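Numbering (UniProt numbering), first residue to last: 1 to 83. Written below as structure tokens is the structure these notes are about.
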Amino acid sequence: MIKNLQEELNRLGENNETPAEIQQKITEANKQLEESGEVDGLEVGDQAPEFKLKNHLGEEVSLAEKLEEGPVVLVFYRGGWCP
1 MIKNLQEELN
11 RLGENNETPA
21 EIQQKITEAN
31 KQLEESGEVD
41 GLEVGDQAPE
51 FKLKNHLGEE
61 VSLAEKLEEG
71 PVVLVFYRGG
81 WCP
């Protein structure tokens, strides 16, 4: 069991095999994105914009169609293949 999130993040950082040059580029890109304001997320009670994404079966799913069925919980997860 993870004692706390920071310990787990430190452990993951120690095992990072991404070259330093690439890590620096990622850090710079993240900083630019944050400064642009484009990453501001939704607040509680905000309405999400309409979008379509593929589900785990590769089928296109529309937010509007799912909302017709009832409340929607959207979960993003990072796969093990993603650095």
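Quick reminder that beta carbons are idealized off the backbone N, C-alpha and C, glycines included. Just so we're clear, the structure is a prediction, and the values are computed from it rather than from any experiment.
Below 7 Å CB to CB, which residues in the same chain sit around residue i once its five sequence neighbours on both sides are set aside?
i          : result
residue 89 : In the structure as shown, the chain begins at 1 and stops at 83. Residue 89 is therefore absent and cannot be evaluated.
Ala48      : Leu42, Leu63
Arg78      : none
Ala29      : none
If I measure Cβ to Cβ from residue i and keep anything under 8 Å in the same chain, skipping five residues before and after, which residues do I get?
i     : result
Val61 : Lys52, Leu53, Lys54, Asn55
Ile26 : Thr18
Ser36 : none
By the three-class DSSP mapping on this structure, what secondary structure does residue i have?
i     : result
Gly79 : coil
Met1  : Caution applies to Met1, whose pLDDT of 49 falls short of 50 and renders its modelled position unreliable; the model cannot decide the point.
Looking at residue j and residue i, is the spacing between their C-beta atoms short of 9 Å?
i     : j    : result
Asn16 : Gln6 : no
For residue i, which residues of its own chain have a beta-carbon under 6 Å away from its beta-carbon, when the five flanking residues on both sides are left out?
i     : result
Leu33 : Val39
Start-end ranges of the beta strand (DSSP E) lying completely within the region 6-76, minimum 3 residues: 52-54, 60-62
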